[in-house]
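S.K.: Provided herewith is a single structure, encoded as structure tokens, for subsequent inquiry.
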Amino acid sequence: MCGIVGCLGREDAQSVIVNGLKALEYRGYDSAGVAIHSGQKINRVRAEGKLINLQEKLTEQSLPGQLGIGHTRWATHGAPSEKNAHPHTVGGVSLVHNGIIENYAELRENLIAQGAQLNSDTDSELIAHLIHHEISKNKLDFIEALKVVTPRLRGAYALLVMSEDRPGEMLATTNGPPLVVGFSEDSFILASDLLAIVPYTKNIAYVTEYETVHFQENKYQFYDKNFTSFIKEPQQINWTDDLVEKAGYSHFMLKEIFEQPRSMAKSLEPHINVENQSIEIKSLEPHSEFLQNLEQVYIVACGTSYYSGLVGEYLFEKISKVSCKVDIASEFRYREPKLNPNSLVILISQSGETADTLAALRLAKKSGVKTMSICNVEHSSLDREADMQLYMNAGVEIGVASTKAFICSLSLLNLVSGFLAKKKGVLNIVDENHLVASLMATPSHMESVLTCDKFFAEAAEHLKKYKGFLYMGRGVNFPIALEGALKLKELAYMHAEGYPAGEMKHGPLALIDEEMAVVMIAPKDDLYEKTISNLETAKARGGQIISVGAVNDNKLKELSLNFLPLPEVDWNINPFLSVIPVQLLSFHVANALGHDVDQPRNLAKSVTVE
Ligand code: M6R
Numbered sequence: 102m103c104g105i106v107g108c109l110g111r112e113d114a115q116s117v118i119v120n121g122l123k124a125l126e127y128r129g130y131d132s133a134g135v136a137i138h139s140g141q142k143i144n145r146v147r148a149e150g151k152l153i154n155l156q157e158k159l160t161e162q163s164l165p166g167q168l169g170i171g172h173t174r175w176a177t178h179g180a181p182s183e184k185n186a187h188p189h190t191v192g193g194v195s196l197v198h199n200g201i202i203e204n205y206a207e208l209r210e211n212l213i214a215q216g217a218q219l220n221s222d223t224d225s226e227l228i229a230h231l232i233h234h235e236i237s238k239n240k241l242d243f244i245e246a247l248k249v250v251t252p253r254l255r256g257a258y259a260l261l262v263m264s265e266d267r268p269g270e271m272l273a274t275t276n277g278p279p280l281v282v283g284f285s286e287d288s289f290i291l292a293s294d295l296l297a298i299v300p301y302t303k304n305i306a307y308v309t310e311y312e313t314v315h316f317q318e319n320k321y322q323f324y325d326k327n328f329t330s331f332i333k334e335p336q337q338i339n340w341t342d343d344l345v346e347k348a349g350y351s352h353f354m355l356k357e358i359f360e361q362p363r364s365m366a367k368s369l370e371p372h373i374n375v376e377n378q379s380i381e382i383k384s385l386e387p388h389s390e391f392l393q394n395l396e397q398v399y400i401v402a403c404g405t406s407y408y409s410g411l412v413g414e415y416l417f418e419k420i421s422k423v424s425c426k427v428d429i430a431s432e433f434r435y436r437e438p439k440l441n442p443n444s445l446v447i448l449i450s451q452s453g454e455t456a457d458t459l460a461a462l463r464l465a466k467k468s469g470v471k472t473m474s475i476c477n478v479e480h481s482s483l484d485r486e487a488d489m490q491l492y493m494n495a496g497v498e499i500g501v502a503s504t505k506a507f508i509c510s511l512s513l514l515n516l517v518s519g520f521l522a523k524k525k526g527v528l529n530i531v532d533e534n535h536l537v538a539s540l541m542a543t544p545s546h547m548e549s550v551l552t553c554d555k556f557f558a559e560a561a562e563h564l565k566k567y568k569g570f571l572y573m574g575r576g577v578n579f580p581i582a583l584e585g586a587l588k589l590k591e592l593a594y595m596h597a598e599g600y601p602a603g604e605m606k607h608g609p610l611a612l613i614d615e616e617m618a619v620v621m622i623a624p625k626d627d628l629y630e631k632t633i634s635n636l637e638t639a640k641a642r643g644g645q646i647i648s649v650g651a652v653n654d655n656k657l658k659e660l661s662l663n664f665l666p667l668p669e670v671d672w673n674i675n676p677f678l679s680v681i682p683v684q685l686l687s688f689h690v691a692n693a694l695g696h697d698v699d700q701p702r703n704l705a706k707s708v709t710v711e
């Protein structure tokens, strides 16, 4: 959730850390701080609010030194304020923490009883106290102190720790939250995400669950869960840092919405044979026998990824003829699910680090059920731990609101349901060719739908005045209604609901009056007539209808205040197109309201805490 960065061995440690925090600001942005070891002492600067506030402070008071740590915060314990900003320093120990300590209350109480002076309301400061205590009172070595403290922490942590009496040393450890080391010449850069490291080096190693790294001058040593040393070789990655530029767009989100056709094409590319128009998912071939006999699919995810899973439910049941159940990860993990042993659990996550989704994966594995991850971030925790892996290939997604990852999840779910259908013998070659051809044609249809950007840019001033938005759809467009409502809440901070259109008469109809916008997703599919009846009911109550439907649908156009045309496509392709207007609506309304679209309040891109 928070972003952490460390640097050891570079004269420009402060700027490496601040640049890293800039790249990680999407992970948290309510306060930030840096601590640098000057060789004699640790100096620290922290600021409430966005990173720019810290940068301004640092122009007046720069911190010399070659060893340092930095943090950009998403508050869990304690308000977003300077005193709660990291790094936390206790005695000579200074640390940054990403995660959440669940036995915070108990630890805090014990420390207070022992006479500790607490300077913040955070869980993270308590860790600094515990380490300091072990070093100063129990005379433990730096790494020994970490070894006895970490088992006392319940919850999640990735930590970077420095000590004033050890000017060339740093400890890095994690029990799950992401942590990567970059190796360049004689220096090390550490961060929660590759984005902070790739401008300096492509030579990296992941620090994985319960691993610790001890850096001393230009040497480093990895330790496993039992603090037994082992060797981990760095690997070379082929990333380019220009992926994180806005490329002329005003916002990352807008750029990412416009990148969707290309992202979708890239998500399909590795898995289709263009010549034969067939689905060929090579990484799943070794699991053919298992897939052929599969009886049940579960999809587990959070937020937007969960909504792509809801579309997946229709795909698996209609295309693969396999029963599919979709769950919100934070519910799945605690409801003691009775999993059919002959089933597959698919975990969808852009970041691959979402704590609840990761816990769901581990639960499924513990129950002996096979797992498949659909992630955008290669080598993320989900990607590493799942039995089968598929990549979204969406490219880096910076905007907190997920857009292109959603499209790519849909495209992989289409492919997996087609692949499964083939293995089960329920997809003939003609239908397979048709499925592949229609997926391949989708990016260009998406290009045409993107032209509705102009409408929303102009209409936003008017749309922002509605008291709320009700999004409705049926079938595969019901999850799109949910996604539209989530996006508007997340970005415009307006009341919005997503509903299956047929459910409206069971309650939400009471919300409708002239101040309520009704976004109706009504493509010409099997349920079209029913959707139109639902629309007429809403209109009769004064609802202001914004509709999304087939380009030549004059009836829908007549019934609507505003009509956004979509090309006529198959039912399974519709969500790729109908999601674009709802994304653009949220973007432009939020922008017209003056909100920070890329970094909406209270949210973070990667939710590595419960
Ligand atoms: O990285 P993940 O896909 O696991 O993230 C899941 C949700 O946190 C995420 O989709 C969230 O709902 C987005 N901010 C929505 O735009």
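Numbering-wise, the sequence shown is residues 102 to 711 according to my numbering. In this text, a Cβ means the ideal position worked out from N, Cα and C, and glycines have one as well.
Roughly how many whole angstroms lie between the Cα atoms of Glu-498 and Ala-217?
M.R.: Near 42 Å, if we compare the C-alpha coordinates of Ala-217 and Glu-498.
S.K.: Just curious, the beta strand (DSSP E) that Met-605 is in, first and last residue?
M.R.: Looking at the DSSP string, Met-605 is not in any beta strand (DSSP E), and its letter there is neither H nor E.
S.K.: Taking contact to mean 3 or more Cβ pairs, one atom from each stretch, closer than 8 Å, check whether the segment 587 to 606 and the segment 410 to 429 are in contact.
M.R.: no
S.K.: Here's the rule I'm using: 16 or more other beta-carbon atoms within 10 Å means buried, otherwise exposed. How should Lys-568 be labelled?
M.R.: exposed
S.K.: Considering Val-281, what are the terminal residues of the beta strand (DSSP E) in which it resides?
M.R.: 281 to 285
S.K.: Tell me Glu-598's beta-bridge partners as DSSP assigns them.
M.R.: Leu-571
S.K.: Bridge partners for His-315 per DSSP, in chain order?
M.R.: Leu-272 and Gln-322
S.K.: Could you tell me which residues DSSP puts in a beta bridge with Cys-715?
M.R.: Residue 715 is absent from the structure shown; the chain starts at 102 and stops at 711.
S.K.: Confirm the yes/no value for this check: CB of Ala-502, any heavy atom of ligand 1, distance under 7 Å.
M.R.: The closest heavy atom of ligand 1 lies less than 7 Å from the beta carbon of Ala-502.
S.K.: Measuring CB to CB, does Gly-192 end up less than 8 Å from Ser-237?
M.R.: yes
S.K.: Could you pull the start and end residues of the beta strand (DSSP E) that Asp-428 belongs to?
M.R.: Here the beta strand (DSSP E) through Asp-428 covers 424 to 429.
S.K.: Between which two residues does the beta strand (DSSP E) carrying Leu-445 extend?
M.R.: 444 to 450
S.K.: Does DSSP classify Ile-647 as helix, strand or coil?
M.R.: strand
S.K.: Run through the DSSP bridge pairs and tell me what Arg-209 is partnered with.
M.R.: Paired residues: none, contrary to the question.
S.K.: Counting C-beta neighbours from all protein chains within 10 Å, is the total for Lys-347 16 or more, i.e. buried, or is it exposed?
M.R.: exposed
S.K.: Please determine, among Pro-442, Ile-581, Glu-265 and Met-547, the residue with the shortest C-alpha to C-alpha distance to Tyr-415.
M.R.: Ile-581
S.K.: Taking DSSP as the reference, what is the three-state secondary structure of Met-541?
M.R.: helix
S.K.: Which same chain residues end up closer than 8 Å to Ser-679 when comparing Cβ atoms and leaving out the 5 residues on each side of it in sequence?
M.R.: If we look at Ser-679 and ignore the five residues flanking it on each side, its Cβ neighbours are Gly-574, Asn-578, Ile-581, Ile-622, Pro-624, Val-649 and Leu-667.
S.K.: With 16 as the cutoff for other CB atoms within 10 Å, does Lys-588 come out buried or exposed?
M.R.: buried
S.K.: Flag Ala-402 as yes when its Cβ comes closer than 7 Å to any non-hydrogen atom of ligand 1, and as no otherwise.
M.R.: yes
S.K.: Relative to the C-alpha of Ser-785, which residue among Leu-168, Lys-466 and His-563 is closest?
M.R.: The structure shown does not extend to residue 785, since the chain is modelled only from 102 to 711, so the question has no answer here.
S.K.: Specify the secondary structure class of Ser-163 as computed by DSSP and reduced to three states.
M.R.: coil
S.K.: Does the Cβ-Cβ distance between Gly-171 and Val-197 come in under 8 Å?
M.R.: yes
S.K.: So does Leu-694 have its beta carbon nearer than 7 Å to some heavy atom of ligand 1?
M.R.: no
S.K.: Taking 7 Å as the cut-off, is the CB of Leu-704 close to at least one heavy atom of ligand 3?
M.R.: The model on display carries ligand 1 but not ligand 3.
S.K.: One question on the structure: do Met-365 and Ala-502 come within less than 8 Å of each other, judged by their Cβ atoms?
M.R.: no
S.K.: Can you tell me whether Ala-206 is buried or exposed? The criterion is at least 16 other CB atoms within 10 Å of its CB, across all chains shown.
M.R.: exposed
S.K.: Within 7 Å: the Cβ of Thr-632 and any heavy atom of ligand 1?
M.R.: Not so, every heavy atom of ligand 1 lies at least 7 Å from the Cβ.
S.K.: With which residues is Ser-264 paired in a DSSP beta bridge?
M.R.: Val-194 and Arg-267
S.K.: Can you list, in chain order, the residues of its chain with a C-beta nearer than 7 Å to that of Leu-125? Leave out the 5 residues immediately preceding and following it.
M.R.: Gly-104, Val-106, Thr-173, Ala-292, Ser-293, Asp-294, Leu-296 and Ala-297
S.K.: Could you pull the start and end residues of the alpha helix (DSSP H) that Met-473 belongs to?
M.R.: Following the DSSP letters along the chain, one finds Met-473 in no alpha helix (DSSP H) but inside the beta strand (DSSP E) bounded by residues 471 to 476.
S.K.: Return the residue from the list Ile-290, Thr-313 and Tyr-311 that minimises the CA-CA distance to Thr-302.
M.R.: Between Thr-302 and the set Ile-290, Thr-313 and Tyr-311, the nearest pair of CA atoms involves Ile-290.
S.K.: Answer with buried or exposed for Asn-377, where buried requires no fewer than 16 other C-beta atoms within 10 angstroms of its C-beta.
M.R.: exposed
S.K.: Considering only DSSP beta bridges, list what Met-617 is partnered with.
M.R.: Gly-569
S.K.: Can you tell me the Cα-Cα spacing of Thr-223 and Gln-215, whole angstroms?
M.R.: A direct Cα-Cα distance of roughly 18 Å separates Thr-223 from Gln-215.
S.K.: How many Å lie between Glu-310 and Ala-693 at the Cα?
M.R.: Cα to Cα, Glu-310 sits roughly 43 Å from Ala-693.
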